[in-house]
Amino acid sequence: MVPLVKMSEKMAQLILHEYKIFNVEIIFREDCTSDEFIDVILGNRVYLKCVYCYNKIDQISLEEVDRLAHQPYSVVMSCELDLNLQYLLERLWEHLALIRVYTKRRGEPPDLLPGNALILRRNSTVEHVCHSLHRTLVDQFKYALVWGTSTKYSPQRVGLHHQMHDEDVIQIFKK
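First residue of the sequence shown: 345, per the numbering used here; consecutive thereafter.
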């Protein structure tokens with residue numbers, strides 16, 4: 345149990361009585377606010393990760409920019425001066441846990457243009473890649489060759505359960 349700083353025991357008891365919960369033992373594993381506690385009781389809220397993006401930093405003082413930049417999950421930027429745009433993209437990829445997977449046709453070089461990448465969640469497998477290309481590709485799957493950081497050898501022959509990494513290249517073979 346952790347000490348409650350954002351909410352008192354009396355507040356927790358009042359909230360429980362409000363929802364007609366009287367005889368219960370509660371263990372707090374983290375300090376939470378009353379709103380978060382109500383959300384746990386109701387069980388119908390989903391919290392999503394976010395990144396706060398502050399634009400037009402060229403129009404405020406350096407102290408204010410510094411204060412905003414040191415807040416959690418925050419990125420300060422200026423589109424007009426082209427400041428921190430690349431950093432914003434890096435943070436978005438990191439927080440959304442996305443990876444890029446490129447495809448390769450037999451006898452051709454891989455298509456590494458940014459617009460041709462498959463965008464998948466981190467920890468995606470070859471099976472997820474097949475589903476993103478075509479829904480029936482998994483049924484016809486024989487094996488795949490993968491180049492990149494997810495393999496010991498380049499290329500390496502892999503099955504459906506091989507986990508892909510960012511910027512891997514895949515070539516799929518059908519039955």
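Heads up, the beta-carbon is just placed ideally off N, CA and C, and yes, glycines get one too.
Keep in mind the model is a prediction, meaning the values are calculated, not measured.
Where residue i falls: helix, strand or coil (DSSP)
i      : result
ALA488 : strand
THR445 : Residue 445 is actually Val in this sequence, not Thr. VAL445 falls in the strand class under three-state DSSP.
LEU477 : helix
VAL368 : coil
VAL346 : coil
LEU425 : coil
VAL482 : helix
ARG373 : coil
TYR497 : coil
Burial state of residue i, where buried means 16 or more other Cβ atoms lie within 10 Å
i      : result
CYS474 : buried
PRO468 : Reading the sequence as shown, one finds Ser at residue 468 and not Pro. With 16 or more Cβ atoms within 10 Å of its Cβ, SER468 is classed as buried.
ASN367 : exposed
LEU346 : The sequence as given places Val at residue 346; Leu does not occur at that position. By the 10 Å Cβ count, VAL346 comes out exposed.
SER352 : exposed
SER494 : buried
TYR446 : buried
LEU464 : buried
ASN460 : exposed
First through last residue of the alpha helix (DSSP H) which encompasses residue i
i      : result
ASP383 : 378-386
MET351 : Where MET351 is concerned, there is no enclosing alpha helix (DSSP H), given that its DSSP letter is neither H nor E.
GLU407 : 406-413
N- and C-terminal bounds of the beta strand (DSSP E) containing residue i
i      : result
ILE514 : 512-518
LEU462 : 462-465
VAL502 : 500-502
Which residues DSSP lists as bridging residue i, in chain order
i      : result
TYR398 : VAL420
SER507 : The amino acid occupying residue 507 in the given sequence is Gln; Ser does not appear at that position. Answer is THR469.
The stretch 408-417 in contact with the stretch 373-385 per 3-pair CB rule at 8 angstroms: Taking 8 angstroms as the limit for Cβ pairs, the verdict is that the stretch 373-385 does not touch the stretch 408-417.
Stretch pair the stretch 498-511 + the stretch 471-490: three plus CB contacts closer than 8 angstroms: yes
Touch test, the stretch 385-401 against the stretch 418-433, Cβ-Cβ under 8 angstroms, three pairs minimum: When Cβ pairs closer than 8 angstroms are counted between the two stretches, the stretch 385-401 is seen to touch the stretch 418-433, the count reaching three or more.
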